[in-house]
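Residue numbers (the working numbering): 146 to 541.
Rendered as structure tokens:
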């Protein structure tokens, strides 16, 4: 259990960093004498590095042990935040954010794979929930603490906080994390094989659409809260984060108990679409429980998706999970872009959740269409044979 908690703590450091930077943009822009629009590309740099560069880097490390990859990824992430804390210019800070996204993007899918291997299939969902719970907890605990430090000292202190968290996580894993049998870091050929597999592509597409709706809309949570009449967004932001922690941790026990992650995905997508559709017609008070529920179902979705992909087997599951991790951040970036375009076209911020509800509904339809298909073999490019321990279908 200690190793699971340490993996969750590493995810906590990454979650703090990923969601903290947006709140620091005005201070960074003022200090480094850049426009707010240009400074906002720090968030884009982290996100795209996580989604696009990290899979290539992870594939290049496929001959390394899971333990070595986790330690290297967390070391890169921590060093990048330390460099960001002392960066004298926007260009160097941008480079540090690229490196931080790279380390985070390599760490997260491998941490999920390692957590699953540490406990076995019968407790897989709980193990995944611990890692995801660490990530979501960063929005509730780490981000407010970082913003308080930035307000009392400077934005550089917030990056130093992430550096300290990363250092503690690295030290703990270096001492206590064993070599994890039954977990691998997939190579590029395995990743490409899963990308060509229709069933895996359908699952990853659902993740992409869901994160466009949920995390993409989160980018505009403050104007949405103002749009429904709430004066202060603080309570709404906090409730969304609390819901995320409760959902991401609680879903693990539920999935392990019912054993039907595909059904859980369908229910969560339907709930997300419903909550987002109702949000525009809510008021200042009634929006608060909706924000809590949105955070809960949005974050809970990740665990059963990961569970389904890991059921593919050792190498195929790890490769599919890496693709799914990239889809999460690509979806968040795409949602932010689409939301910005909608606002530029004159769509009121209050109505953005309705647009996101449509995207969540599209994710549900793709999921249901995939569930109706017969399980198909997942190609593995090693003399046409499966690797030992591989399964060939995504379980519902």
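Here a beta-carbon is modelled for each residue, glycine too, at the ideal position from N, C-alpha and C.
In this text the structure is predicted, and so the values were computed from the model without any measurement.
Comparing C-alpha positions only, which one of the options sits nearest to residue i?
i	options	result
residue 257	242, 245, 244 and 275	275
residue 473	185, 151 and 199	199
residue 436	384, 204 and 405	384
residue 221	197, 207, 230 and 246	246
residue 289	518, 168, 190 and 376	168
residue 300	228, 173, 461 and 249	173
residue 153	272, 457, 232 and 450	272
residue 514	350, 368, 302 and 361	350
residue 218	251, 234 and 242	251
residue 268	485, 516, 404 and 512	404
residue 203	226, 491, 487 and 471	471
residue 303	457, 229, 507 and 461	229
residue 322	293, 455, 266 and 259	259
residue 461	298, 227, 396 and 344	344
residue 287	487, 422, 491 and 164	164
residue 396	467, 475 and 442	442
residue 266	297, 149 and 455	455
residue 188	475, 149, 491 and 487	475
May I have the straight-line CA-CA distance separating residue i from residue j, to the nearest angstrom?
i	j	result
residue 535	residue 463	At residue 535, the pLDDT of 44 sits below 50, so the modelled position is not reliable and the matter cannot be decided from this model.
residue 363	residue 505	14 Å
residue 543	residue 402	With the chain represented from 146 up to 541, any question about residue 543 goes unanswered, as that position is not in the structure.
residue 438	residue 177	38 Å
residue 620	residue 201	No information on residue 620 is available, as it lies outside the stretch 146 to 541 that the chain covers here.
residue 305	residue 469	30 Å
residue 520	residue 477	Interpretation of residue 520 is limited by its pLDDT of 49, a score under 50 that renders its predicted location unreliable; the figure taken from the coordinates is listed afterwards. In a straight line, the C-alpha of residue 520 is about 29 Å away from that of residue 477.
residue 210	residue 264	18 Å
residue 171	residue 418	32 Å
residue 542	residue 205	In the structure as shown, the chain begins at 146 and stops at 541. Residue 542 is therefore absent and cannot be evaluated.
residue 432	residue 493	17 Å
residue 366	residue 166	15 Å
residue 320	residue 213	12 Å
residue 371	residue 427	12 Å
residue 151	residue 215	11 Å
residue 244	residue 196	12 Å
residue 191	residue 317	25 Å
residue 261	residue 510	29 Å
residue 147	residue 398	18 Å
residue 283	residue 208	31 Å
residue 255	residue 324	13 Å
residue 518	residue 346	13 Å
residue 277	residue 453	15 Å
residue 295	residue 280	21 Å
residue 155	residue 162	11 Å
residue 348	residue 451	10 Å
residue 489	residue 482	11 Å
residue 249	residue 381	27 Å
residue 160	residue 352	18 Å
residue 479	residue 291	26 Å
residue 420	residue 457	32 Å
residue 293	residue 516	46 Å
residue 193	residue 422	29 Å
Let's see if you can read the secondary structure: which residues bound the alpha helix (DSSP H) around residue i?
i	result
residue 146	Per DSSP, residue 146 belongs to no alpha helix (DSSP H) and is neither H nor E.
residue 398	379-403
residue 418	406-423
residue 188	186-193
residue 434	432-445
residue 214	211-230
residue 281	269-282
residue 495	Per DSSP, residue 495 belongs to no alpha helix (DSSP H) and is neither H nor E.
residue 258	235-264
residue 372	366-372
residue 289	288-297
residue 306	300-321
residue 203	199-205
Quick one: what's got a C-beta closer than 8 Å to residue i's C-beta in the same chain, skipping five residues either side?
i	result
residue 387	285, 437 and 440
residue 369	362, 424, 494, 495, 497 and 498
residue 378	366, 367, 370 and 371
residue 507	354
Can you give me the Cβ contacts of residue i inside the same chain, cut-off strictly under 7 Å, excluding the 5 residues immediately before and after it?
i	result
residue 180	174
residue 158	307, 310, 311 and 314
residue 232	238 and 241
residue 484	361, 362, 364, 365 and 497
residue 400	270, 406, 409, 448, 449 and 452
Within its chain, find whatever has a CB closer than 6 Å to the CB of residue i; leave out the 5 residues flanking it on each side and keep chain order.
i	result
residue 429	374 and 375
residue 183	none
For the region 438-456 and the region 390-401, state whether three or more C-beta atom pairs, one from each stretch, are separated by less than 8 Å.
yes
contact_flag[the region 399-415, the region 229-240] where n(CB pairs < 8 Å) is 3 or more
no
Check whether the region 352-368 touches the region 494-512, taking contact to mean three or more Cβ pairs, one atom from each stretch, closer than 8 Å.
With the cut-off at 8 Å, the region 352-368 and the region 494-512 touch.
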